Structures are given as structure tokens and as C-alpha cells.
Amino acid sequence: MTLCRLLACAALVAALPADAQQTEPPVEASEPHVTEIAVIRADPAVVRAFATIESGHAAANRDLVTLNQIPAPPFGEQARGAAFAEMLRASGVGEVSIDEVGNVIARRPGTGARTVMIAAHLDTVFPAETDVTVRIEGDRYTAPGIGDNTRGLVMLLELARAIAAAEIATNATILFVGNVGEEGPGDLRGVRHIFRQGADHPEAFIAIDGGEENRLVSGGVGSNRYRVTFRGPGGHSWGAFGTANPHHAAARAIALFDERALSVTREGPRSSYNIGRIGGGTSVNSIPFESWFEVDMRSGDPARIAALDAVFQAAMQEGLAAENADLSEGAPLTVEIEDMGRRPAGPGDAEDALVQR
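Spelled out as C-alpha cells, the structure:
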């Protein structure tokens with residue numbers, strides 16, 4: 012895997028002494044960085060590590076199938092985590108543990124005080140009942156979740172095996188992490204736990220996750236997610252006509268949000284919004300007791316997320332007020348806005364030394 016070779020260089024560079032990373036980082040890779048990487052790749056131990064990666068394709072493919080065929084829905088990563096932990100132990104890269112929230116962590120001590128974290132997430136977006144059987148056609152492997160992110164887990168394993176086999180020593184301690192809770196409702200709980208409560212405090216963080224082999228993401232898209240529920244007394248569509256309708260309120264609120272949020276996304280840094288799920292009601296001829304939907308707002312710019320959020324909050328209250336203003340009988344509706352997760356935006360810096368290398 013080409014990307015695994017690139018990650019091997021990235022991991023080794025990140026683990027170098029701090030004074031080796033303070034060069035002038037141009038927008039494009041400069042000659043000092045190119046030379047630096049060339050020197051590292053020519054090191055006999057690194058050459059052995061690359062050879063281990065090149066000779067390990069068959070084992071990597073077996074691991075890809077084994078891990079992918081263990082379901083790992085959000086909050087259900089335990090079985091896959093246990094299998095991944097055993098694979099890391101077998102690599103000999105370092106002491107392996109599973110923390111309080113389910114993160115699998117292999118710790119390879121360095122000679123200095125710094126820590127570098129290289130992670131791939133264990134969970135997938137698919138529910139537990141999804142058929143995750145891997146189908147093989149020639150050199151093509153397909154299955155739900157195989158690219159996001161079983162492939163990342165296997166690349167992390169390859170890197171760990173290569174470093175262990177070549178007996179590469181680093182200045183920084185390296186954490187090889189299979190983290191939980193990356194997808195949707197997980198709200199990054201695994202990585203958050205490591206940074207907030209972990210014994211080590213990573214100074215550099217490399218995540219292996221889907222995408223193309225030649226694409227490097229140096230910043231993070233942030234998001235705010237909510238579940239909105241309008242509630243009311245409900246009733247028969249004929250006998251209780253005039254009662255405030257939660258579906259109508261939700262429709263008004265969504266329409267207002269869509270109308271106003273669009274203007275936020277049309278200018279400036281890229282941003283987006285989406286109503287992804289919606290539900291409620293019991294029959295076609297009854298006024299529902301509740302109507303719910305889930306919304307996702309994203310941007311790489313914190314100010315854009317804040318602007319979308321302000322539009323959203325106002326639209327929810329206005330939709331509620333408009334529906335209640337039209338009722339002729341029964342109690343008014345209420346609305347509950349539940350926070351499903353907040354992921355901070357991190358613009359990043361393409362000129363950062365780690366990115367350049």
C-alpha cells in the first residue's frame with residue numbers, strides 16, 4: 012500500500028526530536044523537507060520497515076477481511092476492538108491496552124518526552140444487522156465499511172509491524188490507536204477521551220481514514236448536530252381539527268431554516284446544512300403527538316457554524332410560534348432541541364512542518 016509507505020515516513024518524522032521540525036514551511040514541499048524525507052527513507056532500519064510492508068500484503072488482506080466481518084456500529088465496537096488489540100499485540104510494537112471507553116492503544120516508548128498519536132477509527136456508520144461480508148473479485152475487495160475505516164485499521168497494523176520488525180527507535184513515544192466513536196452519534200468520544208483523560212498528551216496527531224491515497228487533510232470540518240422534537244396533545248384529524256400539529260410546526264421551522272441558511276452557505280468559506288432524518292405520527296388520519304427531525308450543520312470556519320446555528324435556533328422558535336398562533340383548540344405545542352454533538356472546526360495550516368513532510 013502506497014499510503015502506508017507515506018505514513019511510515021510521516022510517523023517517523025513526527026517522532027523526530029522537536030528541533031528537527033522547525034524549518035520554514037512553504038505552501039509546497041520545499042527542498043529541505045524533500046531532502047529530510049530522503050535521508051530518513053535511506054536509513055537501513057527504515058528500508059527494512061518498507062520491506063516488511065511490501066512483503067506483508069497477503070497478511071494485510073487477510074486482516075482486512077477478518078476485521079471488516081466483525082460488525083462495529085456506533086457504540087458497538089467492542090468485538091472488533093478486542094480482535095484489533097490481539098493483532099496489535101502480535102505485532103510486538105509495544106504494550107497494548109483497552110481504555111475505559113473502548114479505545115485500543117499500543118504504546119511504543121520513545122527516548123524523549125514527546126508523544127505522537129496515529130489513529131484509525133474502529134466504528135462504522137452501519138447498524139449491527141448489516142451484512143458486512145467481504146466480496147473479493149480479483150484484487151478488488153468490497154463490503155460496507157471496508158474503506159471507512161477497516162482499511163485504515165489494517166494500515167495502522169502494517170505500520171506497527173514494520174516499525175517493530177525493523178526495531179526502529181524514535182525520540183517521541185508513539186501511540187497506535189484504534190479509536191471508538193468517530194462516526195455520527197459517537198461524537199469523537201474516543202479521541203476526546205484520550206486528549207482529556209489519557210495518560211499521554213499527544214503533540215502530533217495523524218488520523219488514517221478513507222479517502223484517496225494522494226489526499227492529505229490538514230484541517231478539520233466542524234459540525235453542530237441536533238435532534239428537534241415538537242410535541243402536542245394530538246387527536247383525530249377530523250374531530251380535533253384546530254389542534255396545533257407538530258408536523259406542521261416542524262415543516263414551518265424547516266422551511267424557515269432552509270430559506271435563511273442558504274444565504275449563509277452561498278458566500279465565504281464552504282459550509283453546509285442537512286435535515287437527514289425525520290419521523291413521528293401514528294396514522295394518516297390522526298394529528299401526531301410529536302414530530303422529530305435531525306439536522307447537521309458543517310463548516311471549516313467556526314464563524315460559519317455559529318451563523319448557521321443562530322439561523323437554526325431562530326427558525327425553530329418561529330416555526331413553533333407560528334403554529335401555536337393558528338390553533339383554535341387544545342394546548343400549545345412545545346419544542347425540545349437536543350444536542351447530538353459538536354465537533355469544533357480546525358482550519359489547520361498547510362505550511363505546518365508535519366504537513367509539509
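In short: position in the sequence shown from 1, add 11, done, that's my numbering. For glycine and all other residues, C-beta sits at the position ideal for the given N, C-alpha and C. Model, not experiment: these values are computed from the prediction.
Close Cβ partners of residue i (< 6 Å) along its chain, the five nearest in sequence each way excluded
i: S108; result: I116
i: G233; result: I316, R354, P355, A356
i: V366; result: S229
i: R309; result: V232, S234, S283
i: F300; result: G245
i: A83; result: R91, L133, D134, T135
i: A130; result: V188, N190, A218
i: V202; result: N190
i: T153; result: R146
i: G391; result: This structure cannot settle anything about residue 391, because the visible part of the chain is limited to 12 through 368.
Contact set for residue i: own chain, Cβ-Cβ below 7 Å, skip 5 residues either direction
i: E349; result: Y237, R238
i: M98; result: D74, L168
i: A171; result: L99, S102, V104, A117, F187
i: Q89; result: G113
i: G209; result: none
i: S339; result: G253
Continuous beta strand (DSSP E) stretch holding residue i: start and end
i: T153; result: 151 to 153
i: E347; result: 345 to 354
i: S66; result: It is not in any beta strand (DSSP E) - S66 instead sits in the alpha helix (DSSP H) that spans 55 to 66.
i: I174; result: Run containing I174: none in the beta strand (DSSP E); it sits in the alpha helix (DSSP H), 162 to 176.
i: E148; result: 146 to 148
Range of the contiguous alpha helix (DSSP H) that encloses residue i
i: A234; result: The sequence given here has Ser at residue 234, not Ala. First-last for S234: 233 to 242, but that is the beta strand (DSSP E), not the alpha helix (DSSP H).
i: I265; result: 257 to 276
i: V366; result: 364 to 367
i: V369; result: Outside the displayed range of the chain (12 to 368) lies residue 369, so it cannot be described from this structure.
i: Q89; result: 89 to 102
Status (buried if at least 16 other CB within 10 Å, exposed otherwise) for residue i
i: P36; result: The predicted position of P36 is uncertain, since its pLDDT is 41 and thus under 50; a value taken from the coordinates is nonetheless stated next. Burial call: buried.
i: L164; result: buried
i: G197; result: buried
i: N285; result: exposed
i: G359; result: exposed
i: N296; result: exposed
i: F268; result: buried
i: V322; result: buried
i: F95; result: buried
i: L344; result: buried
i: L133; result: buried
i: H44; result: buried
i: T79; result: The amino acid at residue 79 is misidentified as Thr; the sequence shows Asn. Its Cβ being crowded by 16 or more others within 10 Å, N79 is buried.
i: S66; result: exposed
i: V127; result: buried
i: R200; result: buried
i: T293; result: exposed
Contacting residues, own chain, Cβ-Cβ under 8 Å from residue i (five flanking each side not counted)
i: G158; result: G221
i: E106; result: A117, R118
Identified DSSP bridge partners for residue i
i: S282; result: S310
i: A130; result: V188, A218
i: W249; result: BP columns for W249 are empty, so no partner.
i: E340; result: T254
i: S302; result: F241, G291
i: A117; result: V107, F187
i: S297; result: H247
i: G195; result: G195 is not bridged to any residue.
i: G357; result: G231
Contact test: residue i Cβ vs the ligand FAD heavy atom, cutoff 7 Å
i: T181; result: Here there are no bound small molecules, and the ligand FAD is not part of this structure.
Minimum Cβ-Cβ distance from residue i to chain D less than 8 Å
i: V366; result: The structure shown contains no chain D; it is built from a single protein chain.
Identity of the residue in the options nearest residue i by Cα
i: A139; options: T276, I147, P155; result: P155
i: F241; options: N225, R162, L331; result: L331
i: I147; options: T77, G121, A130; result: T77
i: G121; options: D211, T181, E111, I289; result: T181
i: R288; options: L133, M351, T345; result: M351
i: A326; options: W303, A266, E39, E362; result: A266
i: E178; options: A56, A318, E329; result: A56
i: A183; options: M166, D211, T153; result: D211
i: A333; options: A255, I185, A318, G279; result: A255
i: A418; options: S339, E305, R281; result: Absent from the structure is residue 418, since the part of the chain shown begins at 12 and ends at 368.
i: R271; options: T141, R226, D320; result: D320
i: Q328; options: M166, T276, A261; result: A261
i: V275; options: A318, D312, G87, F61; result: A318
i: N72; options: A124, G149, R59; result: G149
i: Q324; options: T46, A215, A264; result: A264
i: F216; options: E305, F206, V58, W303; result: F206
i: V346; options: D312, R277, H259; result: H259
i: A173; options: L227, I81, W303, F61; result: F61
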